[in-house]
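Counting along the sequence shown from 1, when you hit position 46 you're at 47 in the working numbering, and nothing is skipped either side.
Virtual Cβ for every residue (Gly too), placed ideally from N, Cα, C.
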Amino acid sequence: MFRLSYKLMLLFTILATLGGIITLIPGAGASYPNLIGYNSVCTFAPAATFFCFFLAGASCFIRSTFIKDQSGSPGERFRRHSPRLIALALVLAAGFFYTYRYVEIKAYYTDSTTTATLEEN
């Protein structure tokens, strides 16, 4: 069972990483440019990219801490591997930062499907 769970977590890591990379691929069909300034497959890039990379990193952390490393109790393993969570926290913070920027920028545009408009007070 150890091998199967490790392989499944590794597959998830690879898929999440590929998802993050795909969000950055240029795409002419995008309705508007992403926050980096070009039309990409995902207009929510780079926030979506950071969230995909966070998921990949989190699965790496779980895989290395609880599946691969079998020495000690789960609590001891977590404490031993916990410094690696700093990088994960930074990637997650970047995802939230770009999400905030995305929402902030999108607030200036009107919604063409529901005919909602932005009114000044």
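* Three-way DSSP call (helix, strand, coil) for P34 in this model -> Coil.
* Examine the Cβ distances between the segment 89 to 105 and the segment 46 to 60 and report whether three or more of them are shorter than 8 Å. => Yes, they touch.
* Do the segment 19 to 32 and the segment 62 to 82 touch if we need at least three Cβ pairs shorter than 8 Å? -> Too few Cβ pairs lie closer than 8 Å, so no.
* Neighbourhood of F62 by C-beta distance below 8 Å, restricted to the same chain and skipping five residues each side -> Hits under 8 Å: H82, R85, L86, L89.
* To do: Name the two residues that bound the continuous alpha helix (DSSP H) containing K107.
  => Looking at the DSSP string, the run of the alpha helix (DSSP H) that includes K107 is 86 to 107.
* Asked: From L25 to N35, what does the alpha carbon distance come to, in whole angstroms?
  -> Taking the straight line joining both Cα atoms gives about 9 Å.
* DSSP state of S74, grouped into three classes? -> In the structure shown, S74 sits in coil (DSSP, three-state: anything other than H, G, I, E or B).
* Asked: When burial is assigned at 16 or more other CB atoms within 10 Å of the CB, is Y110 buried or exposed?
  -> The residue in question, Y110, is exposed, as its Cβ has fewer than 16 Cβ neighbours within 10 Å.
* So P27 and Y99 are in contact, right, with Cβ under 8 Å, and what is the actual spacing, rounded? -> Their Cβ separation, rounded to whole angstroms, is 18 Å, which puts P27 and Y99 out of contact at 8 Å.
* Asked: On the premise that V42 lies in contact with I23, defined as a C-beta separation below 8 Å, what is that separation, rounded to the nearest angstrom?
  -> Indeed, because the Cβ distance is near 6 Å, the residues count as touching under 8 Å.
* **Cβ-based burial, S6 [other Cβ within 10 Å; buried from 16]** => Looking at its Cβ environment, which holds fewer than 16 other Cβ atoms inside 10 Å, S6 is exposed.
* To do: Figure out for me which residue from S60, G21, A108, V104 has the closest Cα to the Cα of K8.
  => For the set S60, G21, A108, V104, the Cα lying nearest the Cα of K8 is the one of S60.
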